Each structure stands twice: as C-alpha cells, then as structure tokens.
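Chains as they are written, first to last, in full-length UniProt numbering: chain A, 1 to 213; chain B, 1 to 491. Glycine included, each C-beta is placed from N, C-alpha and C at the ideal position. The model shown is predicted, which means the values in this text are computed figures rather than measured ones. Here's the structure, in structure tokens; my notes come after.
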Amino acid sequence: MEKFTTHTGVGVPLRRSNVDTDQIIPAVYLKRITRTGFEDALFAAWRGDPSFVLNQDAYKTGSVLVAGPDFGTGSSREHAVWALKDYGFKVVLASRFADIFRGNSGKQGLVAGIVAQEDVELLWKVLETKPGTEVTVDLEHRTAQADDVTVPFQIDDYTRWRLMEGLDDIGLTLSHEEDIAAFEAQREPWRPRTLPAKHLPTVPVEPARPVRA
Amino acid sequence: MAGTLAEKVWDAHLVRRGANGEPDLLYIDLHLVHEVTSPQAFEGLRLAGRPVRRPDLTIATEDHNTPTLDIDLPIADLTSRTQIETLRANAREFGVRLHSLGDADQGIVHQVGPQLGLTMPGLTVVCGDSHTSTHGAFGALAFGIGTSEVEHVLATQTLPLAPFKTMAITVNGQLPPGATSKDIILAIIAKIGTGGGQGYVLEYRGEAIRSLSMEARMTICNMSIEAGARAGMIAPDETTFEYLKGRPHAPEGADWDAAVEYWRTLRTDDDATFDAEVVLEAADLEPFVTWGTNPGQGLPLSANVPVPAQIADENERVAAERALEYMGLEPGTPLRDIAVDTVFIGSCTNGRIEDLRSVAKVLQGRTKADGVRVLVVPSSARVRLQAEAEGLDVIFKEFGAEWRNAGCSMCLGMNPDQLAPGERAASTSNRNFEGRQGKGGRTHLVSPLVAAATAVRGTLSSVADLDLPDGVDLTTFDGSPLAPLAEPSLV
Ligand code: SF4
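This is how it looks when you write it as structure tokens:
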C-alpha cells in the first residue's frame, strides 16, 4: 500500500445524498474475480447520462470526490472502494459515511474524510462555479483546500497513521501471533467447529421444476 | 461491571486491547464464506503465501449467483460460473468445507449457519455480506465485512475493530393480527432512518421480540444493516436453546450444559446503559410497505404515497422526488391501489420454512391474480425439502406460483431471476435500492403475508383484505401445519 501524505487533484461535486454501494457499483459487476479493473463499473447506472458529473470534461479526471451525506450505505461490497480507486479517486469527502464503507476505504488506501455539511456546501460551490478546480488534501493536517476555501476533515488517528505509513493490515495483526495462539488455547469446547463436518441425514436433491401457467 | 449484551460478547473475544487509538483485536468464532466476496481474498492469501489459519472455523456455500432453475445443468452465465468455480477451487486448495449446488445444505449463507446449528449465542460471526447481522438473533455478535477483512479473517481468525455504540430498541406489547416481525423492522427503519443506526449495535428487546420465534427474530436482525447499524442482537432465551438443540453442530452432553449455563448470562445487565434508546408499541403496528428506493422510505399499507411538496427537510424532499420518479408513482396514491407485476417470496430475510408455511396458509385454495408472476424461492435446499415434505410446494404450484431451488434469487440482480426495466415487485427481501432486483426494476419491500395477499389480489394488500376463514392465526409461527399437511420434521 502506498503511503499517503498529501494529494492534489480535480474535485468532483456529487450532489446526491445516500449514495449506496449499489449505485457506486451495481451488483452485476461483482462477478469478476480480480482485484482491479473496475473503473468502468463506477456509477455505471449514471454514466450513460450526459449530464452526470463525471461525463463533463472538466471533471473527468477527478480524484477527489465531494459527496452528499450517507455515502457508501447498503451492501458491504469492497468493490465500491476498488471502483473508486480504479477510476482514479484518492479521496472521498462527505458529512457522513456508512461504517463498513469507511472501514473498507481505510484498508485500501482511499481517504474517507468527514467534512461538516456546511463545508461540503462550500466545496460544492467552488467546484461547481469553477469546474476543474483542484483540491489539495493534507492528511497530516486533516484539511482540504479548494481555491480560497480550506476546510477541516475528520479521520480517526489510527486510520490516518495507517494510511500515512501505508501499512498492510494482516502483517500488523500477525505480529501479535502469540496473543492469538494464547487466546485460542483457552476457547471453550462448546464453540462450534465446521470440521469434521456434521450433517443432517443426506437426501438426494432433485431440481424443483416450476409449474408454468 | 454492568454491561450490555453486545459488550459482553465483545469482551469475551478480546485477543488484544488496542492502545492509543489502535482498534481492539477480536477473535472470530465463525467465518461464513460465499462466492462473491471471497475470490479476491483467496487471491490475496495466495499472493502472500499465507494459509487459512482455521479451516475448522470456516464454512462456504454458493448462493448469490446460483440459478434457481436447472441446477443440474452447467451455469449458463459465464461470469457466474467463473465465480462459483473459483470458490470450488479455492475451497479445495485451502481445505475449506463447501456446500455446493445440489448439496442438501446448500443455500443462502445466513440460512446455512443457523440450520446446521453453527450459529450460537455468544459467538462472533462474520461474513463478506452485510446481512450477516441475521445471526445476531441468536445473541451472537455478527456483522458483515469487506473482502480485505475476509482475507484478514482467513489469514488470522481475528479482526481489528473499533468500538461501537449500543442502542436499545424496545418493542412493547403484542403484534396485532396480520402484522409480522418484518413489519416491526420496516417500522423501525422508517422511524430511525437508513442512517439512524450508524455506529451502533442494536439490541432488540421487549415483550413483542421475546414472543417471536427464532426465524422471525432472524428477519429483524437481518435488516439491522438497513438502518445503518453494524449489527443487531437479541438476547438468547429458551426459544433460542430450543431451536438449537439437536442440530448437527449444536454442543452435546456436558458441553451443551456448559454452553447453556454460559448463554443464560448473555443478557444486558439491569443497570447497564445504552448510548441510545428507541421504543415502539407493537400494538400500533400494521403491515408496512416501502414506497421509495431505500428501506427507510416505508409507510403503513393503509397510507398514501407521500407528497414530496409536503416534506419539510430539503434533502428528504429531493430524495422522495427522485424515488417517486424512479418508482413511477404519483404522490397521494393509496398504497393499496398499487398494482404489481411480480411477487417474490424468498431471500435471507423471509425465505425460511415458517415464512413459507405462513404464505401457504394464505394461498391455499386460491389462485393468483391475472398477469402476476409469483416466485417462491426457499432460502436453502434443506428448507425446500422440508417444504416439499409438508406439501407446501403443491399449494404454491396449484396457486400458480413458480417453486424454485434455493438461492438468493431475485433478492439481487446477479442471477437469472431479475425484474425487467419498469417492472414492479412486491418482495419479501430487504433492499429496494434502484436496480437492486434488476436494472430499472421497482421494488416494494413487504412481509410474507403482504406478499401472499398481494399475489392473490394483484395490488399491494394485507391478509385483512382477503376473507380468511375465522380463527386462522397467521401471526403465530408455531409451525403448526394445516390439517392435510404432514407433521413437520427436520428432514
Ligand atoms: S438473499 Fe439477498 S440479502 Fe440475503 S445474502 Fe442473498 S443477496 Fe444478500
């Protein structure tokens, strides 16, 4: 994971609230089994609409998304973060995020910064009156600046540290291997195991055939 | 120290308490895996040369992509087939138990855990699927995770987690006839909003919750995520133990006694405090339906489609306007006048045996409304076999419904069961987002009873709109079969 300190790129105003992960990336794209190449899937349902913000030349190369409240609600699909990243977004700013989306972002190196709704409105105003304005996001100082507007954003200390260090989650956890093994040693015997498998009596499964009217 | 149910389960899984803003490291008791969110996780393990730490705490099933017709033929859709084949190869390579299409324990991941008795009180349960909250009905701390967390759990059997807040949702009294646990949760979401539970673990309590069956409780916990919550929980009680006892993976003998003794301690202490509290009166509830494009946009069936101009909050007004345009609805229309093209009965929310039984009670001896397509999809192959053993499939078929094989089916547009653009459905599933059930499809979320009544009449209806014989009790999901049906038993 790359280290993140500051980033400057074109800001994209997305004036919609409650953008759920089905809208960020529709379910049909989830069938892919790779980790990259999801840029075409981002906001797929809206990309056909010429008036959609990413279809306007000034915003096409955007990398800082400024969205309405409750961004990333709905399904836990991490593909939403991949699609944003594959398209080129490095930062999403909104006044509220769904928890799972925010968690996923931190792990994938996408900055999800919480900005007060008044400040979102300020940024939208700048980005809409001067399309193509660049936004500078400073993770160390937790500020986002567009033109003459500088607004603070929130991100928790731990996620910020991880992003700035570019640290892989699993490696970090495995450094506590001893603690994990010690915990495992005292787990109660009633806790379930999937192996060896126990089944209800096996029965042959014949396909159900529908009766059509 | 006094604690809530969620805090007790959390504390019992602490591998390491985080210091200086670092998250706590929690042990995961049960990891459920399916074909959609796992391929990239296994790919990550392979790239890093890491094994699955605890295959014996991991179980996989095929559900999201699987067709519900012709399950004996190769899957026609190429990408679906690739995902399924990838899961099969990964399960083999990493030694993970998998229930494939054609296996009696194949089905929606949130049905498979409970039906095998793997889901128990006091566990931490995760799955790369947001409706993992379903398992909270047993008093487990269960939540959905993203693919990189799936990889994390596979590699370490732990997860670093930031603490959550707790919210008590108390539902007092008893449900009136015709209302179900689905109506409780739809009413809760309409009340607190799709963001209302954000950052919280919800604990459902109160008389109305206590008197629900396990399956009805699962419906409520299932949709916690639609209120934005991380998880939903219900303290275990005799109903829970009863459901578990004798299931394949339930503890036995001394282990069972030790487990039950511990499980009885899993309740919120009387002097514990919640960060937020919400109270509902069950007696005020009636069948609920959604009119918009998020699960919070719901109203009692007797209401009318809202008039956006009358909504004060600007964001909400704009959202309502957009939703009504997508849904093709006129403001002010009585909800009961809305005609549907399709009725979908299934999903991890309402595709269990009790749901099918209650639907069968309504449909028996009737025929479906003209021009309406009715799909009944059991949540697992086992549920399907059980329903067939009780003769429910015959009732569905005679009614004119399609009886399908198990899977997620029309809950989401990933498999062949989809809505056509503009098609309108009454659906017992959990999400009415734009395009969720197929591009351009319009979804009204409803309870199984409303779905059944709607299938009879063709417009959104409750069982009160049908002349049911006196004394047919549709709210007690006690599993008592209709007279001509065979005694239910675990097949
Ligand atoms: S039935 Fe629907 S909500 Fe449940 S796991 Fe399947 S797709 Fe997800």
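By a beta-carbon distance limit of 8 Å, A/Leu14 contacts A/Val53. Their separation comes to about 6 Å.
Residue range 177-185 is occupied by the alpha helix (DSSP H) that includes A/Ala181. When the five nearest sequence neighbours on each side are left out, the beta carbons in the same chain lying within less than 6 Å of the beta carbon of A/Lys90 are those of His7, Ser63, in order along the chain. With a threshold of 8 Å between beta carbons, B/Asn315 makes contact with chain A.
Note that the region 93-111 of chain B does not touch the region 155-174 of chain B; fewer than 3 beta-carbon pairs, one per stretch, sit closer than 8 Å. Per DSSP, B/Leu244 is one residue of the alpha helix (DSSP H) stretching across 238-244.
Using a cutoff of 7 Å, the CB of B/Ile59 does not count as near the ligand SF4, since none of the ligand's heavy atoms is closer than that. Around the beta carbon of B/Met327, 16 or more other beta carbons lie within 10 angstroms, which makes this residue buried. Bridge partners of B/Arg97 according to DSSP: B/Ile59. Interface with chain B (8 Å Cβ-Cβ cutoff): A/Tyr158 is included. Taken through DSSP and simplified to helix, strand or coil, B/Thr86 comes out as helix.
Pairwise C-beta distances place the region 227-240 of chain B in contact with the region 193-207 of chain B, as three or more of them are shorter than 8 Å.
Neighbours of B/Ile311 in chain A, taken as residues whose beta carbon is under 8 Å from its own, are absent, since the nearest beta carbon is some 14 Å off.
The residue from B/Gly346, B/Leu285, B/Trp291 with its alpha-carbon nearest to that of B/Arg322 is B/Trp291. As the crow flies, the alpha-carbon of A/Lys85 is around 19 Å from that of A/Gly74.
At least one heavy atom of the ligand SF4 lies less than 7 Å from the C-beta of B/Leu412.
Closer than 8 Å to the CB of B/Ile71 there is at least one CB belonging to chain A. With a beta-carbon spacing of about 19 Å, B/Gly107 and B/Ala401 fall beyond the 8 Å limit used to define contacts. Taking a beta-carbon distance threshold of 8 Å, B/Val15 counts as an interface residue toward chain A. Taking a Cβ-Cβ threshold of 7 Å, none of the residues of chain B is close to A/Ile24; the smallest such distance is about 11 Å. In the DSSP assignment, the residues bridged to B/Met167 are B/Leu202, B/Ala276.
Taken in chain order, the members of the region 396-426 of chain B whose beta-carbon sits within less than 7 Å of a beta-carbon on chain A are Lys397, Gly400, Glu402, Trp403, Arg404, Asn405, Leu412, Gly413, Met414. Not one heavy atom of the ligand SF4 sits closer than 7 Å to the Cβ of B/His31. Against B/Ser80, the close residues of chain A are Lys31, in the order they occur along the chain (beta-carbon pairs closer than 7 Å). B/Leu30 has B/Val125 as its beta-bridge partners, per DSSP. Between B/Met233 and B/Leu141, the CB-CB gap stays under 8 Å. Just measuring C-alpha positions, the residue of B/Asp63, B/Ile189, B/Arg205, B/Glu388 sitting nearest A/Pro204 is B/Glu388. The beta-bridge partner set that DSSP reports for B/Met233 consists of B/Glu203. In this structure, the CA atom of A/Leu127 is about 6 Å from the CA atom of A/Gly11.
Here B/Gln157 is not near B/Arg50, since their CB atoms are 8 Å or more apart. Contact of A/His141 with chain B is not assigned, every C-beta pair being separated by 8 Å or more. If the five residues before and after B/Gly21 are omitted, its C-beta is found closer than 8 Å to no C-beta atom of its own chain. Taking C-alpha positions only, B/Ala426 is separated from B/Leu445 by approximately 6 Å. For the C-beta of A/Phe183, the chain B residues within less than 7 Å are, from N- to C-terminus, Val15, Tyr27. In terms of Cα proximity to B/Gln83, the closest of B/Leu69, B/Asp72, B/Ala60, B/Asp70 is B/Ala60. Close to A/Ser17, with beta-carbon spacing below 7 Å, are these residues of chain B in chain order: Asn315, Ala319.
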